[in-house]
Amino acid sequence: MPRDTSDLLHGTLDLLVLKALATQPMHGFGLCQWIEQRTRHELEIVDSALYKALHRLTDAGAIAAVWGVSDNNRRARYYSLTPRGRQMLRAEIATWKRYVSAVSGILETA
Amino acid sequence: MLSPWLPRGIRRLFQLPATRARMARELDEELRTHFAMRVEELRARGLSRDDAEAEARRRFGDLEEFQQYAAHRIARRARWLRVTDWLAELVQDVRFAARQFTKARSLTAIALLTLALGIGANAAIFTVVHRLLIAPLPYPDGDRIVKLVVGDGNAPDQAMLAAWRDRARSVDAIGAVSVHALFLQDFGDTRDTVPAFITASYLRLLGLRPALGRDFTPADAQPGAPAVTIISYRKWQREFGGRADVLGSTIPVPDLDDRQYAIIGVAPREMSIPMSAPAGVSGKLRQATPAIWLPASLDSLAGSDVFARLRPGVAAAAATRELQSILDSEPPTGREPVRARAMRAQDFLDPREAQTVQVLFVAVGVLLLIACATVANLLMSRAWTRRREFAVRTALGAGRLRLARQVLTESVLLALAGGLLGMGVAWAALEIILTLRPPSLEHLDGVTLHPAVLFWTAGISVGTGILFGSAPALFAGARPVGDVLRSETRTASGGSAAQRMRSALIVFEIAMSLVLLVGAGLLVRSFVGLQRMHLGFRPQGLVATDVMLSFGREGSAADRAARRDELFQLLRAMPGVTGAAMGMMPGQGWRVLATLESEPDASGHSRSVADFAAIFITPDYFRLAGMSLVAGRPPDSLTWPRGGGNADPSMSPEVVVSQALARRLWPEGGAIGARLVEKSSGPFTRAGRSASYTVVGIVEDVRLPGGRDARWTMELYSPMPPRLFQLPLVLRTTMPEREIVSSIRRVVADFDRTLRGETGLLFGAILREVTVGDTYVRESLAPARFAMALLVAFSVVALVLSGVGLYGVIAYSVAQRTREIGVRLALGADAMSVKRLVVGGGLRLAMVGIGIGVVAAAGSTRVLSHVLYGVSPADPGTFVAIAVLVVTIAVAAAYIPAHRATRIAPTEALRAE
Numbered sequence: 019m020p021r022d023t024s025d026l027l028h029g030t031l032d033l034l035v036l037k038a039l040a041t042q043p044m045h046g047f048g049l050c051q052w053i054e055q056r057t058r059h060e061l062e063i064v065d066s067a068l069y070k071a072l073h074r075l076t077d078a079g080a081i082a083a084v085w086g087v088s089d090n091n092r093r094a095r096y097y098s099l100t101p102r103g104r105q106m107l108r109a110e111i112a113t114w115k116r117y118v119s120a121v122s123g124i125l126e127t128a
Numbered sequence: 031m032l033s034p035w036l037p038r039g040i041r042r043l044f045q046l047p048a049t050r051a052r053m054a055r056e057l058d059e060e061l062r063t064h065f066a067m068r069v070e071e072l073r074a075r076g077l078s079r080d081d082a083e084a085e086a087r088r089r090f091g092d093l094e095e096f097q098q099y100a101a102h103r104i105a106r107r108a109r110w111l112r113v114t115d116w117l118a119e120l121v122q123d124v125r126f127a128a129r130q131f132t133k134a135r136s137l138t139a140i141a142l143l144t145l146a147l148g149i150g151a152n153a154a155i156f157t158v159v160h161r162l163l164i165a166p167l168p169y170p171d172g173d174r175i176v177k178l179v180v181g182d183g184n185a186p187d188q189a190m191l192a193a194w195r196d197r198a199r200s201v202d203a204i205g206a207v208s209v210h211a212l213f214l215q216d217f218g219d220t221r222d223t224v225p226a227f228i229t230a231s232y233l234r235l236l237g238l239r240p241a242l243g244r245d246f247t248p249a250d251a252q253p254g255a256p257a258v259t260i261i262s263y264r265k266w267q268r269e270f271g272g273r274a275d276v277l278g279s280t281i282p283v284p285d286l287d288d289r290q291y292a293i294i295g296v297a298p299r300e301m302s303i304p305m306s307a308p309a310g311v312s313g314k315l316r317q318a319t320p321a322i323w324l325p326a327s328l329d330s331l332a333g334s335d336v337f338a339r340l341r342p343g344v345a346a347a348a349a350t351r352e353l354q355s356i357l358d359s360e361p362p363t364g365r366e367p368v369r370a371r372a373m374r375a376q377d378f379l380d381p382r383e384a385q386t387v388q389v390l391f392v393a394v395g396v397l398l399l400i401a402c403a404t405v406a407n408l409l410m411s412r413a414w415t416r417r418r419e420f421a422v423r424t425a426l427g428a429g430r431l432r433l434a435r436q437v438l439t440e441s442v443l444l445a446l447a448g449g450l451l452g453m454g455v456a457w458a459a460l461e462i463i464l465t466l467r468p469p470s471l472e473h474l475d476g477v478t479l480h481p482a483v484l485f486w487t488a489g490i491s492v493g494t495g496i497l498f499g500s501a502p503a504l505f506a507g508a509r510p511v512g513d514v515l516r517s518e519t520r521t522a523s524g525g526s527a528a529q530r531m532r533s534a535l536i537v538f539e540i541a542m543s544l545v546l547l548v549g550a551g552l553l554v555r556s557f558v559g560l561q562r563m564h565l566g567f568r569p570q571g572l573v574a575t576d577v578m579l580s581f582g583r584e585g586s587a588a589d590r591a592a593r594r595d596e597l598f599q600l601l602r603a604m605p606g607v608t609g610a611a612m613g614m615m616p617g618q619g620w621r622v623l624a625t626l627e628s629e630p631d632a633s634g635h636s637r638s639v640a641d642f643a644a645i646f647i648t649p650d651y652f653r654l655a656g657m658s659l660v661a662g663r664p665p666d667s668l669t670w671p672r673g674g675g676n677a678d679p680s681m682s683p684e685v686v687v688s689q690a691l692a693r694r695l696w697p698e699g700g701a702i703g704a705r706l707v708e709k710s711s712g713p714f715t716r717a718g719r720s721a722s723y724t725v726v727g728i729v730e731d732v733r734l735p736g737g738r739d740a741r742w743t744m745e746l747y748s749p750m751p752p753r754l755f756q757l758p759l760v761l762r763t764t765m766p767e768r769e770i771v772s773s774i775r776r777v778v779a780d781f782d783r784t785l786r787g788e789t790g791l792l793f794g795a796i797l798r799e800v801t802v803g804d805t806y807v808r809e810s811l812a813p814a815r816f817a818m819a820l821l822v823a824f825s826v827v828a829l830v831l832s833g834v835g836l837y838g839v840i841a842y843s844v845a846q847r848t849r850e851i852g853v854r855l856a857l858g859a860d861a862m863s864v865k866r867l868v869v870g871g872g873l874r875l876a877m878v879g880i881g882i883g884v885v886a887a888a889g890s891t892r893v894l895s896h897v898l899y900g901v902s903p904a905d906p907g908t909f910v911a912i913a914v915l916v917v918t919i920a921v922a923a924a925y926i927p928a929h930r931a932t933r934i935a936p937t938e939a940l941r942a943e
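Quick note, the sequences are listed as chains A and B, same order.
Residue 125 in the numbering used here is what sits at position 107 of the first sequence, and the numbering runs on without skipping anything.
Residue 770 in the numbering used here is what sits at position 740 of the second sequence, and the numbering runs on without skipping anything.
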C-alpha cells in the first residue's frame, strides 16, 4: 500500500528532489512522477510538501528555476541543480548512508 | 525552452525584477500546470474527469494551509529581494564609479586634491573656531564655568566672596585656586613640585572628578586637619608609574614647609587653571603648572583666581547682574563701589583676535565654495563628454533615476574620498596654525581635531557631493536620447545650457577668489606697514628683566636700595652687556591705581587722568632704550623724598611724560616745568597718599605693531619709589637671546643663594620675567602675521583652483570647437588670430568675474578695517594689483589651450567627428 510522504523522515524528500534533479532539470509534476516511478509507487508525494521542499531548496541556493516549455507544450517551471546543490547532494548522501548503516546495524543485532 | 545552463549573471540580466504580484502569479501558474498535468495523467489511466480532479486535489494536500504558507513566503521573499537588489545596484554603482575614476586619473586627482584642500582647511579652521569661540574650555559643560572678577579684572575680596557664596542663586558653586608661587617656570624646567591651593569645590566646579582616590572636603582645609594632597596626573605617571597604591603614600612639599603630605587622590589629566592670563609676552617664561594640589578654604583664597559654575540655563550676563546687585545691596564699607563680572573664557579673547578668527572662518567657507565649484565644473564637463554613454544606457533601458543615482554615487564617493584626504590636510593645517598662532591664543595649545569637527567634515563632504553631484545628475538625463546620439555628428550647440552654467561657475570662482585675494593683499600691505612702523624705541638687543627681591622685615630703605644696586651692578657687569638702566620694556609699564592731576593753571583749571602706566627709570633709560625726547631733558635727580608724599614743591621728583599724557593734561602746551600730583586710589594703597612731580621732559609715544590700548600710552616715567620690592631693569646686549637669558638666570640664582644665606628667608631674589626686545616686537606682530599667513594661503589656493577651473572650461570649449577652428585655419586664419579668439573667450569670463569680485570685495573688506594698519579697506592700489594678477592668471590659463588650438591640423579637425 502506498505510504504518505508525511511518514518520510524529515529531510528525505529534499534528498530525493536533489537526487532527481541531478539527472536532469525537471518541473514539479515531473519530479513527482520520477520519484514515484523509482520507488515503484511505494512513496506517494503530497504536492504541497513537494513545492515547500522546492522553495526551501531554492532559498538555500541548491536549485534554481526558469520558465521552460514542457513536452506537451505547456509553459512550466523547470528546476535544476546549482553547483552548490550538487555539493549538498554529495554531503547528504554520505550522511544518509552513515545513518542507514548505523540504524540497520542496531536492527540486525537486536 | 530557455536553456537553464546559461550563466546566472546573464540569466538575471534578462529576468524581469521580482515583485510580489509577479511572484504570486508565477506560483499560481506553476501550480495550475501541475494540476492540469496530474488530471491528464489520471484520466489517461481511465478515471472520469470528476474523479480525476478529486484525486488530484487529494494528492495536493491541505490547500488552505499551503495558500497561507505561500502568501507569507512571497512577502518575505519580496522584502529580501528589494534589499539585495538595492545593495547589488549600489555595489554595481560603486564599482562602476571606481572604474570611471581610474579611467580619468588626472581629473580624479585634481578633484580629490581640490576637495581635500577645501574640506581640510575648513576642518582645521572649524577646530580653531570651535575651541576659541564655541567651547573654549575642555571640560564637560565648560561653557558654564565663569571667572569672577571685579573692576578691571581684579580678584574679589573676602567680603565679596562671602556675600556671593551665601546669596548668589545664579551659580552652583564658587571656588578658588591660587598657585603658591610667584615662581614662573622656565621652558624646559620640568619640576613637578609646584603647589597650588584649591577650595574643596574646585574640581566639582570644573565638572571633573579625581582620576583616582577622593576629592577634597571642606574638612581638609580646617586648621589642624591632617596634611593631605591630590597630585597631578603627570606627577602620578612620572613619579609613581601610574600605580594605584599611590594613595596613602606621603610626599614633601619643599616649596611650602617640611611636613609630609598624604596623597588622597590623583587629579584628572585635564585639570588646570582655566582663563589664566599668559605670563608676560616674553615667550621664555610660563606660568607654572601645579603638580601638587592642596586644600584651602574660600576665605583664605580671597584675592586669587575665583571661579563659579553657572546653574544650568543661566547666562553669564544674568550672573553678572545678580553678583553686582548683591554687592550693591551690601552695607557700605567705605570702599569705592566696584563693578563685578562673571566672565566666560570667550570674554578673555581679544576682540580683534575673535574678529580675525571669524574673518578666517568666512574666508575658508568661501574657499570651500570655490573648491565645490571647481569640482562641479570638472564633473559637468565630464558628464557632457559622457553624454553619449548616458544616451546609450538610456536607450538600453536604464531609468533616468538610475542614471542620476549613478552620477550621484560617483560624486558622493569622490566627496567621501576627498573628505578622508581632507582629514589628513586638516591635521597638517592644524599643526601649521598651531605653529603660527599668536601667543595670546595660548589656549589653542593641545587642541586636536574634535569629534564635532569629524561630523562637520563628514557633513561638508556629503553635502558637497550632493551639491555638485546634482548638477551633472540633473542634465545627465535631461536630453532626449535620439537628440544626443544624432548631435554626436555635429557639435556643441546642444551643450549651450551646460556651457552657460559652467561659465557662471567660473565667473563665481573668479569673483570669490578676487575677494579673498584682495583681503589677503590688504593684510599683506598692512603687515609690511607694521614691520616698518616707527616704534619710538629700538628693540634690537634690548632686554628687560624684572627681579623680585625679599629683604626680611629688618631691612631699612637704604638697605634695600643698596641691595638693589648690588644686583644691578652684577647684571650690568655680565659679559656682552653694553649698558643698563632701571626701567621696563617700553610699552610694558605698570598700571598704577592712582589719579594724575595737573596743577591748576592761571584760571584755576586742572585736568586729571585715572588710567596711566608708570615706568620707573634711571636718567639714562631713554638713551639706552633708544627713545627720543621731543622736548625738555631727562631727569637728573634721582632722589625720592623721604616719606613719600610731601608738600614741598621744590622737593618733588623730576619726571618725564609721554606725548599722549602731555596732550591730555596740557592740551595747550606748557607741560615742561609744570607740576603733577599723583593721588592714590584703589584697594592696594592707603587712600589719601599723594606725591607731586615736576615734568622736565616729553618723550615720544611708544607704539607696537600689535596695537596698544590707548589708555596705557599715557605714561609717566618717574624715579623708583623706595618701598618697592622689585628691580625692573633694561639691558643693551650684543649676545644672542638664549645666552643672555641664561646668564641673567645664573646671576639672579647666585644672588638669591647669597641673600637667603644672609637672611634665612625662603627666597631672596626671584627672576620674574625676561623680555627680549626683538621677540617682544615679533610677538606683538604675531596676530597680524597669523591672519595674513592664513588668508594668503587660502587665497593662493583659491586662485590656483580658479585657474584650473578656467583652464578646464577653455580647454573644453577648444575641444568642442576643434572643427570650427580647423575650418578657420583651413580658410587661412593665422595662429595669432586663433589664439586671440580662444584667449579672448577666457578673458571675457575673467573680466565678468573680476567686475563682480571687485564689487563684492569693496562691500566686504570693511570687516577688516579694525585689523588693518596704514591701509584703507578700499585701497585702490591693492584692488588694481589683484585685478591685474587675476587677469594674468586668466590669460595664462587660457593660453595653454589656445596654443594647442593653433596646432590643430585642419584635415584632422574636419575628420575629427
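Backbone N, C-alpha and C fix where the C-beta goes; we use that ideal spot for every residue, glycine too.
Please read all numbers here as calculations on a predicted model, not as lab measurements.
Would you list the one or two residues that DSSP bridges to residue i?
i	result
A/N90	DSSP, once it has assigned bridges, lists no residue as partnering A/N90.
B/P325	B/I228
B/K865	Looking at the DSSP assignment, B/K865 forms no beta bridge with any residue, so it has no partner.
B/T724	B/E684 and B/R705
B/V537	B/V537 is not bridged to any residue.
A/H45	A/Y96
B/V729	B/L659 and B/S688
B/F642	In DSSP, B/F642 forms no bridge with anything.
Where do the ends of the beta strand (DSSP E) carrying residue i lie?
i	result
A/T57	No beta strand (DSSP E) contains A/T57, which DSSP labels as neither H nor E.
B/F337	D335 to L340
B/D202	V201 to V209
B/M657	Unbroken run through B/M657: none, as it is neither H nor E.
B/D576	L572 to L579
B/M563	B/M563 -> no beta strand (DSSP E), and no H or E assigned at all.
In the DSSP assignment, find the alpha helix (DSSP H) that holds residue i and state where it starts and stops.
i	result
B/M190	Q188 to R197
B/P630	Neither: B/P630 is in no alpha helix (DSSP H) and is coded neither H nor E.
B/Y837	G803 to Q846
B/F378	Neither: B/F378 is in no alpha helix (DSSP H) and is coded neither H nor E.
B/G454	R430 to L466
B/I293	Where B/I293 is concerned, there is no enclosing alpha helix (DSSP H), although the beta strand (DSSP E) it sits in stretches over Q290 to V296.
Hey, would you say residue i sits closer than 9 angstroms to residue j, going by beta carbons?
i	j	result
B/V573	B/V807	no
B/I728	B/L821	no
B/G871	B/S843	yes
B/I645	B/Y747	yes
B/D804	B/E767	yes
B/A203	B/R339	yes
B/A226	B/R299	no
Interface residues of chain B around residue i at Cβ under 8 angstroms?
i	result
A/H73	R103
A/V64	R89, F90 and G91
A/R93	E59 and T63
A/K37	Near A/K37 there are no residues of chain B at all, since even the closest Cβ is about 18 angstroms away, more than 8 angstroms.
Could you work out which residues of chain A lie near residue i, taking near to mean beta carbons separated by less than 9 angstroms?
i	result
B/L68	Inspection of the sequence shows that residue 68 of chain B is occupied by Arg rather than by Leu. The answer, in chain order, is F47, C50 and D65.
So which residues on chain A does residue i lean against when the C-beta distance must stay under 7 angstroms?
i	result
B/F96	S66
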